[in-house]
Structures are given as C-alpha cells and as structure tokens.
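So the sequence shown is numbered by this note's numbering: it starts at 2 and just counts up by one.
Don't be surprised by glycine CBs; every beta carbon is placed ideally from N, CA and C.
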Amino acid sequence: MSQPSGTYIKQKELIDHLMEIFPEVSPNYLRYICYGKANTPTVLHELISKVILENNRDDQGQSTLKARDFEEQLEILKQILPDADPSYLEENCRELIDKPEELRKFMLRLIESPVYPTKKEYIRMQQLSSQKKFYTTEFDVYEFLKVIPDPRAYFEHLKKNPAKYRAKSHLYAERFLANRFYPVHMTYVQNALKRHDYGILGACKYLQKLRSGKHYMISYKKLYDLESIIVEDITLLQEIAFIEHREEIEAAVEARKAQEVEEQKQAKLAGILQTCSCCFDDEVMPNEIYECENGCIFCKNCVRRGSEVAFGDGKLEFFCLNTCSSFFSLRTLQAVLDSKMFSKVIQKKQLQEVKAAGIEDLEICPFCDFATIPPPGDKIFHCLNPECLRETCRLCKEPAHLPLRCEEVEKEEEVDIRTYIENKMTEALLRKCYKCGISFIKTEGCNKMTCSCGALMCYVCGKPVTNYQHFNGPGGDRFDLCPLYSDTNQLHEQAVLKGAEIAKKEKGLDLDPSKLKIDPTLGVQEYYKDVAKRNPTVVPPLGVAMALFGGQVSCILGIFEGVVLSITE
Numbered sequence: 002m003s004q005p006s007g008t009y010i011k012q013k014e015l016i017d018h019l020m021e022i023f024p025e026v027s028p029n030y031l032r033y034i035c036y037g038k039a040n041t042p043t044v045l046h047e048l049i050s051k052v053i054l055e056n057n058r059d060d061q062g063q064s065t066l067k068a069r070d071f072e073e074q075l076e077i078l079k080q081i082l083p084d085a086d087p088s089y090l091e092e093n094c095r096e097l098i099d100k101p102e103e104l105r106k107f108m109l110r111l112i113e114s115p116v117y118p119t120k121k122e123y124i125r126m127q128q129l130s131s132q133k134k135f136y137t138t139e140f141d142v143y144e145f146l147k148v149i150p151d152p153r154a155y156f157e158h159l160k161k162n163p164a165k166y167r168a169k170s171h172l173y174a175e176r177f178l179a180n181r182f183y184p185v186h187m188t189y190v191q192n193a194l195k196r197h198d199y200g201i202l203g204a205c206k207y208l209q210k211l212r213s214g215k216h217y218m219i220s221y222k223k224l225y226d227l228e229s230i231i232v233e234d235i236t237l238l239q240e241i242a243f244i245e246h247r248e249e250i251e252a253a254v255e256a257r258k259a260q261e262v263e264e265q266k267q268a269k270l271a272g273i274l275q276t277c278s279c280c281f282d283d284e285v286m287p288n289e290i291y292e293c294e295n296g297c298i299f300c301k302n303c304v305r306r307g308s309e310v311a312f313g314d315g316k317l318e319f320f321c322l323n324t325c326s327s328f329f330s331l332r333t334l335q336a337v338l339d340s341k342m343f344s345k346v347i348q349k350k351q352l353q354e355v356k357a358a359g360i361e362d363l364e365i366c367p368f369c370d371f372a373t374i375p376p377p378g379d380k381i382f383h384c385l386n387p388e389c390l391r392e393t394c395r396l397c398k399e400p401a402h403l404p405l406r407c408e409e410v411e412k413e414e415e416v417d418i419r420t421y422i423e424n425k426m427t428e429a430l431l432r433k434c435y436k437c438g439i440s441f442i443k444t445e446g447c448n449k450m451t452c453s454c455g456a457l458m459c460y461v462c463g464k465p466v467t468n469y470q471h472f473n474g475p476g477g478d479r480f481d482l483c484p485l486y487s488d489t490n491q492l493h494e495q496a497v498l499k500g501a502e503i504a505k506k507e508k509g510l511d512l513d514p515s516k517l518k519i520d521p522t523l524g525v526q527e528y529y530k531d532v533a534k535r536n537p538t539v540v541p542p543l544g545v546a547m548a549l550f551g552g553q554v555s556c557i558l559g560i561f562e563g564v565v566l567s568i569t570e
C-alpha cells in the first residue's frame, strides 16, 4: 500500500536527517526503521538512540561515526541533545573530535542517562553574567538612572527588609566589603553585615568608623577575586554599583534635577504648562503629558498607575482615565511603563491576538505564554521560551511523563492525599512511650515493653503496666486481657491498614475514591505474608515462656532522632 504524499515527505525528511548524522550506516536500514514515521523531535530522538544502541551491540565494534569537521559534529550533538548546555557540548566535542569511538560513547551515555548541564541553566548563567557586567565592568551612569531614576529613595526603601535580597549573596557581599575596606579583618566585615541584616549601605557606614590599626589584619592577604562569583541577586549588584559610583550618580541626578527645574521655569514663563485630567496637577511639563486616542491629556504618573492597576486586574485594553471610550496606545504604554512591565503587557497581548486568530493546532505552554504549532505526531510539547524550556504532555498538560500514561501520573493534590495516608500508616505502625515520647517498633518477643527510660507499657493497647497481670499468658483463659504473646506481623498489618482506613475517611475517600490514584495500601497484605514466611512469629510454649520471665529477652527496636536503640525487657 502506498503512503500518502505528506507522510512520504515527512518520512524522507527523517531519513535524510539520520543519514546526515550517521553517514556510514546502511541507507536501507535507515529507511526500514523510518517507515511510517514523521520527522518530529521525539521520533528523531528515539531513532538516534536506536541506531547508536544497535551499533553498540555490533560484534565487530566498528564505529558508525567518523571524525568530522568540528563545527559539523558540534551541530549534530546539538540536534541530538537540544536541551543540553551548548558550552558543555562544545567543550567535550573539542576534546573528542579526533576520537570518534569515544565521542560515540559520550553521545550514547548522555542519551541513555540524560544527566548533564541544561540549556536552560546555560541561558540563565549568560543572563546573570550580562546582568553583572551591566552593574560592574560595563557600568554607565545614565543607563543606571534609567533603571533606578531615584537611587537614594530606592535604597532607603530597601533598608526596611534587606535580608530577603541577601540569602544567596552573602559571600559576594563579604568579599566586596573586604576588598573595599582592606586591610580590615574579615571578622569585622562579617559582623558589620550581620549587624545590618546584610544591608551593604549600612555595613559600609559602620566599617568606615573602624578603619584604625586595631581592626587591621596582622598579615596582609591578596584581594578577593569577584569576577568568578556568579551573583543572582540583582538588588545587591545595584546597591554595590551605587556605592562604587555614588559621587558620579548623585552628580548626574543633581544635574538632571537642575535641568528639570530650569525647563519648568522656562515653560511657566512661556505659558505652556498643562493640567492633568486625572490628578489636576496644573504644572505638568509638555513632555510629561500623554494622551488617549481621543486626545484626553494626563500626566505620566496617572497613566502609569492606571495601566498597572488595569493589568493587575487581568485587563489588556487600557482605557482612558476619563469617561470617554478611547484607550492608550502601545507607544504611550511603552513610554510610561518600566521595561519589565511593558514586556509582560506585550506578551499577554500577543498571546491574546494569537488565540483570537483561531490558528488550527496552536498550543500554549501551561507554564508560560509561549505558543507554537507542534508536529502532529509529537506527544511532548517543547517550550522554546528561554526562561521556561519546560517539556509537557500535550494530552494532560502535566510535566512530560513518558513512558507512563496520563492516567498513571499523579497530580499534586493526589500526591498530597497519598502522602497523608502513608504518614498515617507509619504513625499507626509506630508505638510511642507514654513517658519520654520515644517511638519504637517491636521485632520479636512478648508484648510487655520496657523503654530505655524505664517505663513499662503494653505493645497491644499502649497503656502503662506494672507487671504481667495486665496480660493473658500462653495457655491462659483470661481472654479479656491483652495477650502476652501475639503474631507481631499480623498486629502490624492490622494497625497499618486501620491507620490507612481512618486517613482515607478523613480525606473523604469513602465518598469519592477517585481522588486517590495510587493506593498505598495495595501490597500491604502481600508484604506481611512475605515477612511472615521469612521471619515467622514464634510463641513459646507455656513452660518456656515462664522460664523466660526472669531473663533478658530482646523485645523492640527503638528509634529516637535517627539513632537505633536496642531495648531489652
């Protein structure tokens, strides 16, 4: 039967792709394994793995890879491992380019066990590096003031809760201050930071008062290298840049203010100041006035606040602040909003427009707003947003879970219910000393337990006991009492199942069992049957039991703060 033309084209693309990667593999073999398949990332990855694995089992041990031009081989590696850190692939490719067999093994290892630096982490590190340069080696005062127009007020506000910005940046903060106040001893630097909750400005003021001989290091050391430290805390970098370039920044701020005052004065004399239709400020500079499409005029602050409120309410049409039905243009929004906020607005509007277009087979990443049309045969959605790069199942919209089917994967609320039941099962299995609170579980022996603290209790009911009168011994007829000996495995099984039953009712599973996808009680009975076969409970005859009363019988295994204790009767 001939294949449809569309399928044939996709199959040929797949064959050509594989022949490019494996030029020494038989074309007929590649055509055979590609029959009926489309050229999708998932299918390509599966077939690459298949070819490499088949080649690995070749008795002659001949490599299907030959030494290629470095750039060509690197591009192939990137195609095979699209989510891998490109610098990691480049480093290994450069090292193994003249060793095709070792390069093949390297590829095989990564395909079989995909544990390697990811492209997402690479992009993040590149962004962090660029961000660091912006505030250090490539600092520009005017670019800085675009991000933080009023630095003094901004950093004064940060003092209210600086600790949350410093959690992952203590090392960089300590070494920056140690270099700045060299040769003050590091101990004083650390104390200054702790005293000011790792606020750099406060620590600087404190250290400036300590610059005397008694605070200096006895033997001088080299300055710390700050270039090698990756800093995720952008606020820390901003504050350090402010400290390093404070005079330059404050001079630029003062110059800007003086210019604004002069321009305001000249505008007032010329009679060109305008009035905002929202806050009614009547001294707004013409360059600070923004209009809706209908010509209503407002100051920058009013348009910015109104737009932020509308966006926070989920709106993407930014209507005039007056009663007219017009709205603000994207050009106006770009002028009044900061770059991050405007970028979010654009992304949301683009997504809205794409949805409204009714594009067939369009899919959107469940974790961000990236939209694309994935190949029809691909079961996995590959997000190409550099800040996301998540892989999700196209059917259930959960994180990719191959080879499991959708119905086999637990959702977050199902995991919560299952773990709650499991915890209750554990609690039911463990006994707790009424006196010291130690948790324990019996492995063998009678039910009269002696804790390491000296407390006596019954393993069956958990009540305190003083002697053997609480129990019905072997051969006794006091069945109203707790048994001195019992089947420990059966006792544990009953306790665990009862604990699970109570937990299920607490979570409403008796009314709606479908809320639990994986039942932790399944297999409990089989487990204890297996335990009973391997370690059966032995109840001694009457005479033997009486002879043991005065001896030392190992009864339980106590567990306290991770320490295993042997407790004897």
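Q: With a cut-off of 8 Å on the beta carbons, I'd call Ile-244 and Ile-201 a contact; round off their distance for me.
A: 6 Å
**Q.** Selection from His-171, Phe-343, Ile-98 that minimises the alpha carbon distance to Leu-331
**A.** Phe-343
Q: May I ask you to list the residues that DSSP assigns as paired with Lys-449?
A: Cys-459
Q. Taking only runs of the beta strand (DSSP E) that begin and end inside the segment 394-442, which ones reach a length of at least 3 residues, in chain order?
A. none
Q: Would you mind working out which of Asp-70, Glu-423, Glu-318 sits nearest Ile-519, comparing C-alpha positions?
A: Glu-423
Q. Could you give the C-beta distance for Val-304 and Val-262, rounded to a whole number, given that I count them as a contact under 8 Å?
A. 23 Å between Cβ atoms; not a contact.
Q. Grouping DSSP H, G and I as helix and E and B as strand, with all else coil, what is Phe-472?
A. strand
(Q) Considering only their Cβ atoms, is the gap separating Cys-394 from Ile-381 smaller than 9 Å? (A) yes
Q) Between the C-alpha atoms of Glu-21 and Leu-15, what's the straight-line distance to the nearest angstrom? A) 10 Å
**Q.** Residue from Thr-43, Gln-12, Pro-24, Leu-224 whose Cα sits closest to the Cα of Ile-34
**A.** Gln-12
Q.
Short of 8 Å in beta carbon distance, which residues of its chain neighbour Cys-384, apart from the five on each side in sequence? Order them along the chain.
A. Cys-366, Phe-368, Cys-369, Phe-371, Leu-390, Arg-391, Glu-392, Thr-393
Q) When burial is assigned at 16 or more other CB atoms within 10 Å of the CB, is Tyr-528 buried or exposed? A) exposed
(Q) If you follow the alpha helix (DSSP H) that Glu-263 is in, where does it begin and where does it stop? (A) 247-271
(Q) Can you give me the C-alpha to C-alpha distance between Asp-60 and Leu-75, rounded to a whole angstrom? (A) Confidence at Asp-60 is low in this model, with a pLDDT of 40, below 50, so its placement is unreliable and no value can be given for it.
(Q) Can you tell me whether Glu-14 is helix, strand or coil according to DSSP? (A) helix
Q: Ignore the nearest five residues each way along the sequence and tell me which others in Val-148's own chain have a CB closer than 7 Å to its CB.
A: none
**Q.** Beta-carbon proximity check, Thr-137 vs Leu-227, cutoff 9 Å
**A.** yes
Q) On the three-pair Cβ rule with 8 Å, is the segment 423-436 touching the segment 401-413? A) no
Q: Determine which residues share a DSSP beta bridge with Ile-298 and list them.
A: Glu-292
Q: Identify, in the order they occur along the chain, each residue of the same chain with its Cβ nearer than 7 Å to the Cβ of Val-142, setting aside the five sequence neighbours on each side.
A: His-246, Glu-249, Ile-250, Ala-253
Q: Could you pull the start and end residues of the beta strand (DSSP E) that Phe-382 belongs to?
A: 381-383
Q: Use the C-beta contact count for Leu-512: other C-beta atoms within 10 angstroms, 16 or more gives buried, fewer gives exposed.
A: exposed
Q: Identify every residue that forms a DSSP beta bridge with Ala-85.
A: Thr-119
Q | Three-state secondary structure (DSSP) of Ala-372 | A | strand
Q. Where does Phe-71 sit, in a helix, a strand or coil, going by DSSP?
A. helix
Q) Does the separation of the CB atoms of Ile-414 and Lys-341 fall below 9 Å? A) Residue identity differs from the one stated: residue 414 is Glu in this sequence, not Ile. In this structure, Lys-341 does not lie closer than 9 Å to Glu-414 by Cβ.
Q: Starting from the Cα of Phe-182, find the closest Cα among Asp-282, Thr-188, Leu-194, Gln-209 and give me that residue.
A: Gln-209
Q: Just the C-alpha distance for Tyr-123 and Val-26, rounded to the nearest angstrom, thanks.
A: 33 Å
Q: Consult DSSP for Cys-483 and reduce its assignment to one of helix, strand or coil.
A: strand
Q. Buried or exposed: where does Ser-593 fall if 16 or more other Cβ atoms within 10 Å of its Cβ makes it buried?
A. Outside the shown range of the chain (2 to 570) lies residue 593, about which nothing can therefore be said.
**Q.** Inter-residue Cα distance where the pair is Pro-375 and Cys-279
**A.** 47 Å
Q: Check whether the Cβ atoms of Asn-448 and Cys-459 sit closer than 9 Å, and answer yes or no.
A: yes
(Q) The alpha helix (DSSP H) that contains Val-525, what's its start and end? (A) 525-535
Q | Neighbourhood of Asn-192 by C-beta distance below 7 Å, restricted to the same chain and skipping five residues each side | A | none
Q: Please classify Val-26: does DSSP put it in a helix, a strand, or coil?
A: coil
Q: Compute the minimum distance between the beta carbon of Asp-17 and the heavy atoms of the ligand COA, and state whether it is under 8 Å.
A: Among the ligands in the structure shown, none appear at all, so the ligand COA cannot be discussed.
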